Structure formats: structure tokens, C-alpha cells
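In the numbering used here, the protein residues as written are 20 to 347.
Heads up, the beta-carbon is just placed ideally off N, CA and C, and yes, glycines get one too.
Since the structure is predicted, the reported quantities are computational estimates derived from the model, not experimental observations.
First up is the structure itself, then whatever we jot down about it.
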Ligand SMILES: Cc1cc2nc3c(=O)[nH]c(=O)nc-3n(C[C@H](O)[C@H](O)[C@H](O)COP(=O)(O)O)c2cc1C
């Protein structure tokens with residue numbers, strides 16, 4: 020009865036305050052647990068940083084025109100982070116450490132084959148004294164190999180999808196993109212609200228301009244023949260409990276879209292939209308994307324070239340991520 024006596028305007032104001040307090044809960048947890056501050060001894064955050072850094076090194080070897088000797092800055096940061104494993108006595112027999120060392124080794128081998136001098140790095144690597152593993156670096160594929168696997172059952176099909184950062188310059192059949200979007204539309208979404216939207220362009224000039232706002236496509240983005248921007252409409256959600264739902268529905272939708280593109284034998288690379296509010300507003304203005312949509316990410320797309328290098332992007336062991344629920 021009391022509830023019914025409260026005027027709607029007051030109820031709305033109360034809801035806004037509650038929403039703020041829940042966002043504050045998100046803020047506090049992110050501030051406390053993310054890798055914002057790596058000066059302290061924090062193992063999980065250090066491993067994540069190492070993974071991101073060795074990934075930059077491995078993806079450099081998959082670009083259409085790799086600049087030999089690239090990445091000295093990030094390699095030095097990576098080396099210094101790997102040294103922290105000694106300093107803090109962390110277990111080195113872990114996926115992140117081993118993959119990073121293997122990727123650096125692969126970087127050295129890649130340059131040696133091309134007779135490019137990387138003598139500065141070899142003695143630094145020797146220090147890590149790992150047995151040579153093949154879990155980092157790149158894999159060379161032909162288009163036919165990818166095509167064959169993409170027709171197999173889902174467990175093989177999904178393993179044969181990779182982020183592709185090298186495209187042929189032939190134009191894409193627009194129907195293929197539409198087919199992939201149709202696949203993505205079968206993704207589950209909360210109460211079937213289907214908040215996801217896909218913006219597309221095949222125009223090189225627009226692709227170039229849009230990608231100038233994104234950090235992560237250097238060396239390959241401009242060679243894409245199609246750019247997709249996946250968004251999720253915030254207007255589909257209600258209340259504090261659904262404040263992050265658009266990112267979840269948008270993420271699930273995106274994964275299906277990537278599989279749809281793979282089925283169409285298109286090379287695609289998801290591109291983060293981890294950005295500032297200022298940049299988010301700027302791009303929305305230029306691309307005519309309404310403020311009420313969250314940009315989930317961009318995807319660069321192109322036809323596969325005959326031969327392609329793919330970043331291995333080694334995964335954690337299943338036992339490392341699969342945990343039995345316990346109730347206290
Ligand atoms: C949300 C998201 C953002 C990503 N952003 C970038 C990016 O900006 N640049 C890039 O080259 N790759 C990006 N990737 C691709 C990842 O590096 C890649 O998915 C990961 O290394 C696993 O490799 P795989 O996709 O080949 O299996 C992104 C992936 C996701 C899911």
C-alpha cells in the first residue's frame with residue numbers, strides 16, 4: 020500500500036539512485052581487481068598483461084606486410100614482465116609464461132629465416148631456458164585447408180576459425196555478409212529482445228576513417244574490404260539489474276556472426292571498442308550511430324588470400340578454467 024502511495028517521479032528518482040550505487044559496485048570491483056595498477060605483486064593481472072603483449076608480437080607475424088624488426092618496445096616490456104616471474108617466485112610452468120617465451124622464440128626464428136639481425140634479443144631469450152615449445156607464434160595455412168575444415172562438424176569447424184589479419188584484394192559478395200548476419204540472428208538473447216544491430220560498409224574511405232578511431236588494426240585494417248560495427252540497443256533493457264546485459268547479448272551475437280563469416284569462408288578479425296567516452300561519442304557522430312546504442316566491437320572482413328599466416332593464440336588448459344561449483 021505504501022508503495023502505491025509513492026508518486027512515480029519519486030520512484031524513478033529512487034531507481035536512478037539505486038542504478039548509481041550498482042554502477043559504483045562495478046566501478047569499485049574494476050578498480051580493485053583489474054590490471055589498472057601493476058606496480059604491486061599481482062599474478063593474475065601480470066599473466067593477462069603478458070598474454071596481451073606476446074599476442075602483439077605473434078600477430079605482427081601475420082600481417083600482409085610485416086615490418087622486420089617490429090615491436091622492440093613491446094618485446095622489452097614483455098621481457099621485463101617475464102622477469103617478474105623470477106622476482107616474485109611465480110610458477111613458470113604455466114600457459115601464459117610458456118606461450119610468451121615460445122612466441123619470442125618464434126619471432127627470432129621468423130627473423131633468422133628472413134636473414135634479419137635480431138642478435139639483441141637472442142641472449143635475453145637464452146636466460147629463460149625453456150624447452151622449445153611450439154605453442155607460440157604463427158601457423159601457415161592455405162585457403163583450401165581452411166575451407167576443408169570449415170565444412171566439418173562443429174568441433175572441427177570452430178577450431179578452424181581464426182582471427183584473420185590478411186585479406187585478398189578481391190571484392191566481397193555482399194550476400195555472404197547478409198548470410199552471416201542471419202546466422203548471428205539465431206543467437207540467444209535475454210527474453211528474445213534481440214538488441215543487436217550490425218552496421219556495414221564496403222567503402223574503403225569509410226573503412227579507413229572508421230578504423231582511425233580504433234586501436235588494434237594497424238598493418239591490416241585498411242586492407243579489409245568490409246567493416247562491420249556491432250552495436251546493442253540500450254533501449255531494450257530495463258533497470259539496474261540489466262545494466263551490463265547489452266554487452267552480454269552483443270557478445271553472444273558477435274560470436275555467432277564470426278562463425279557465420281567463417282562458414283562463408285571470409286576472413287574476419289574482431290576489433291575491440293575498448294575506448295574512452297570522448298572517442299565513443301566522436302565515432303557515433305561520424306558514423307551516425309545513435310547514442311542509445313552501445314558499440315560492442317568492429318569486425319574487419321575480407322576474402323581469404325591463397326596462403327595465410329595465423330597467430331597461434333594458444334589457449335589455457337581446460338583444467339585451468341573448468342571448476343566445480345561449490346555452495347557455502
Ligand atoms: C572483443 C575482442 C576484441 C578484439 N580486438 C582486437 C583488435 O583490436 N585487434 C586485433 O588484431 N585482434 C583483436 N581481437 C582478436 C583477438 O586477438 C583474438 O580473438 C584472440 O587472440 C584469439 O585468437 P583467435 O580469434 O584467432 O582464436 C579481438 C577479439 C575480441 C573478442
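Check, Outcome
"So which residues touch the region around ligand 1, with touch meaning a C-beta under 5 Å from any heavy atom?", "181, 182, 235, 289, 290, 291, 316, 332"
"Taking the alpha-carbon positions, what's the residue 274 to residue 181 distance?", "12 Å"
"In whole angstroms, what separates the C-alpha of residue 189 from that of residue 152?", "37 Å"
"My parser needs the beta strand (DSSP E) runs of 3 or more residues fully inside the stretch 217-292; what are they?", "245-252, 285-291"
"Suppose the cutoff is 7 Å on Cβ atoms and the five residues either side in sequence are ignored; what does the same chain contact list for residue 179 look like?", "165, 168, 169"
"Would the beta-carbon of residue 226 fall within 9 Å of that of residue 319?", "yes"
"Taking the straight line between their C-alpha atoms, what separation do you get for residue 313 and residue 253?", "7 Å"
"Would you grab the beta carbon distance between residue 103 and residue 65 for me? Rounded to a whole angstrom, and I think it's under 8 Å.", "6 Å"
"So residue 122 packs on residue 76, CB below 8 Å; how close in whole Å?", "5 Å"
"For residue 215 and residue 271, what's the separation of their Cα atoms in angstroms?", "10 Å"
"Going by DSSP, which residues form a beta bridge with residue 320?", "245, 287"
"From the DSSP output, which residues share a beta bridge with residue 313?", "251"
"Would you call the stretch 285-302 and the stretch 252-267 touching, i.e. three or more CB-CB distances under 8 Å?", "no"
"Is the beta carbon of residue 329 sitting closer than 9 Å to the one on residue 160?", "yes"
"Between which two residues does the beta strand (DSSP E) holding residue 328 run?", "326-330"
"Going by DSSP, which residues form a beta bridge with residue 129?", "None; residue 129 has no bridge partner."
"My guess is that residue 278 and residue 175 are in contact by the Cβ rule of under 8 Å, so how many angstroms apart are they, rounded?", "At roughly 13 Å, the Cβ-Cβ gap does not stay under 8 Å, so residue 278 and residue 175 are not in contact."
"With a threshold of 6 Å on Cβ separation, who are the neighbours of residue 69 within its own chain once the five nearest residues in sequence on each side are excluded?", "100, 115, 119"
"Excluding the five sequence neighbours on either side, which residues of its own chain have a C-beta within less than 6 Å of the C-beta of residue 326, listed in chain order?", "161"
"Compare the beta carbon distance of residue 261 and residue 209 with 9 Å and say whether it is the shorter of the two.", "yes"
"Look at residue 4 and residue 83 and say whether their C-beta atoms are less than 9 Å apart.", "An answer regarding residue 4 cannot be provided, because it is not within the stretch 20 to 347 covered by the chain."
"Tell me which same chain residues have a C-beta within less than 8 Å of the C-beta of residue 212, skipping the five on either side of it?", "255, 256, 268"
"Can you name, in chain order, every residue of its own chain whose Cβ lies under 7 Å from the Cβ of residue 299, other than the five neighbours on each side?", "314"
"Residue 98 and residue 135 look like a contact to me (Cβ under 8 Å); what is the Cβ gap, rounded to whole Å?", "Not confirmed; about 19 Å, so no contact."
"Using CA coordinates, which residue listed in 21, 105, 193, 72 is at the minimum distance from residue 222?", "193"
"If you follow the alpha helix (DSSP H) that residue 102 is part of, which residue opens it and which one closes it?", "91-106"
"Using a 10 Å radius around the Cβ and a threshold of 16 neighbouring Cβ atoms, would you call residue 56 buried or exposed?", "exposed"
"With DSSP as the reference, please indicate the residues paired to residue 295 in a beta bridge.", "None; residue 295 has no bridge partner."
"For residue 67 and residue 155, I'd like the C-alpha separation in whole angstroms.", "15 Å"
"In chain order, what residues of the same chain have a beta carbon less than 6 Å from the beta carbon of residue 217, not counting five sequence neighbours either side?", "200, 247, 249"
"In the DSSP assignment, find the beta strand (DSSP E) that holds residue 161 and state where it starts and stops.", "157-161"
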